[in-house]
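Q: Take this structure first; my questions come after.
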Amino acid sequence: MPSGEGANRGQVLAVRGSVVDGYFPDLLPRINNELRAGTDGQVIIEVANHLDPQVVRGVALTPTRGLARGSDMVDTGHPLLAPVGDRLLGRVVDVFGQAIDGKQELTGGQWRPLRRPPVPLAEQGTTAEVFLTGIKAMDLLAPIERGGKVGLFGGAGVGKTVLITELIRNVVGRHRGVTIFCGIGERSREAEEMYREVQDAGLLDNTVLVFGQMNEPPGSRFRVGHTALTIAEYFRDAESMAAENASRLASMQAAEQNNQDHLGVLGQRYHRRRQQAITEELQDIVSGFETLAKPDRLARKQGWVTT
């Protein structure tokens, strides 16, 4: 937690679940800045809006239990950051880039902001090219465009996750790439099963797993997709600068509801560069009898391929 005379300090004005209002009399924190509140700064908040020249509204990414009106709040002066680089291969991290696999903590190295602009128009690829998945039925009947998007729609137990798993296996095996899997709102059991499957398949050394699970606050699940995409963008940009022709797969499995705007912001960053690209977004829309009756309760699973 930032300390000292130079820190921009404020106070908690109101707490409504994961929504926290803060009062900063001296300097208003910027939108998307990371705020720390509570004892030892254990509550992490992202600024979402400016209510007036001295009041901000933010979304807490950690539990707000014990946070009360008048509690200290400090502006860190920077947005939420995620670690990037080859040091993440074989690791499991959360929305903050903290290791949750019981191995050594990720410290130092390069960190990037979760909120990043999309690829400039001048650097985007313009040629049409088929992305070969290695699954004959898809490549023949429903080919995927490199740099494009594809969706899967179906109820529970019809094989959407199996299809994503096969895509990961085929793309990594064919192109010697890196897999980035992000689970949003998953059950702990599902995350553990995915970890075991990747490990048993011998893909763990080329895989990064990012999880924002069902038991975590909504703010954490809301931003974990940005963490995974930031990591995927690093591999895409590194390959573009090195002018190498390697393939990288990023799969995001989401069970989050009412997140159309959130997915739209992520979608703006799925652009193809001239040499490398986040070439596929797999979006599985999970629907059952209840969700068909109530469209606003649709849950989504989503994934990307970067080449």
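For what it's worth, my numbering labels the leading residue of the sequence shown as 273, then goes sequentially. Don't be surprised by glycine CBs; every beta carbon is placed ideally from N, CA and C.
For the alpha helix (DSSP H) that residue 283 lies in, which residues bound it at each end?
A: Position 11 of the sequence shown holds residue 283. Note, residue 283: premise wrong, no alpha helix (DSSP H); beta strand (DSSP E) at 280-288.
Q: Ignore the nearest five residues each way along the sequence and tell me which others in residue 375's own chain have a CB closer than 8 Å to its CB.
A: Locating residue 375 in the sequence shown gives position 103, where the first residue counts as 1. Hits under 8 Å: 363.
Q: Leaving out five residues before and five after residue 462 in sequence, what residues of the same chain have Cβ atoms less than 6 Å from its Cβ?
A: Start at 1 with the first residue of the sequence shown, and residue 462 comes out as number 190. Cβ contact annotation for residue 462 (same chain, cutoff 6 Å, sequence separation greater than five): none.
Q: At what residue ranges does the region 375-413 contain a whole run of the alpha helix (DSSP H), taking only runs of 4 or more?
A: 408-413
Q: Residue 292: buried (16+ other C-beta within 10 angstroms of its C-beta) or exposed?
A: Here residue 292 refers to the residue found at position 20 of the sequence shown. So residue 292 counts as buried.
Q: What residue range does the beta strand (DSSP E) around residue 354 cover?
A: As a first step, residue 354 must be located in the sequence shown, where it is residue number 82. Where residue 354 is concerned, the enclosing beta strand (DSSP E) stretches over 353-355.
Q: Whose CA, out of 491, 488, 482, lies closest to the CA of residue 501?
A: Taking the sequence shown and counting its residues from 1, the one referred to as residue 501 is at position 229. The option with the nearest alpha carbon to residue 501 is 482.
Q: Which residues does DSSP pair with residue 308 in a beta bridge?
A: The residue you call residue 308 lines up with position 36 of the sequence shown. In the DSSP assignment, the residues bridged to residue 308 are 316, 346.
Q: With DSSP as the reference, label residue 451 as helix, strand or coil.
A: Position 179 of the sequence shown, counted from the start, is the residue given in the question as residue 451. The answer is strand: DSSP assigns residue 451 an E or B state.
Q: DSSP state of residue 425, grouped into three classes?
A: Residue mapping note: residue 425 aligns to position 153 of the sequence shown, counting from 1. Residue state, collapsed to three classes: strand.
Q: Our contact map puts residue 452 next to residue 493 with C-beta atoms below 8 Å; I'd like the distance itself, whole angstroms only.
A: Reading the sequence shown from its first residue, position 180 is the one you call residue 452. Reading the sequence shown from its first residue, position 221 is the one you call residue 493. With 8 Å as the limit, residue 452 and residue 493 do not qualify as a contact, their Cβ atoms being about 17 Å apart.
Q: Please state the DSSP three-state secondary structure of residue 479.
A: As a working note, residue 479 is residue 207 in the sequence shown. Of the three classes helix, strand and coil, the one that applies to residue 479 here is strand, per DSSP.
Q: Do residue 343 and residue 309 count as a contact pair if the criterion is CB distance below 7 Å?
A: By 1-based counting over the sequence shown, the position of residue 309 is 37. By 1-based counting over the sequence shown, the position of residue 343 is 71. Yes.
Q: With distances taken Cα to Cα, identify the nearest neighbour of residue 331 among 305, 410, 421.
A: As a first step, residue 331 must be located in the sequence shown, where it is residue number 59. Answer by Cα proximity: 305.
Q: Which residues in the same chain have their Cβ closer than 7 Å to the Cβ of residue 415, if we skip the five residues on either side of it in sequence?
A: Along the sequence shown, read from residue 1 onward, the residue named residue 415 stands at position 143. The answer, listed in chain order, is 402.
Q: If residue 280 and residue 346 are in contact, beta carbons under 8 Å, what's the gap, nearest whole angstrom?
A: Locating residue 280 in the sequence shown gives position 8, where the first residue counts as 1. Locating residue 346 in the sequence shown gives position 74, where the first residue counts as 1. Confirmed, about 7 Å.
Q: Apply the 10 Å Cβ neighbour rule to residue 425 and answer buried if 16 or more other Cβ atoms are within range, or exposed otherwise.
A: Here residue 425 is taken as the residue at index 153 of the sequence shown, counted from 1. Exposed is the call here.
Q: Nearest-angstrom Cα distance between residue 392 and residue 325?
A: Here the question's residue 392 lines up with position 120 in the sequence shown. Here the question's residue 325 lines up with position 53 in the sequence shown. CA-to-CA, the gap between residue 392 and residue 325 works out to about 32 Å.
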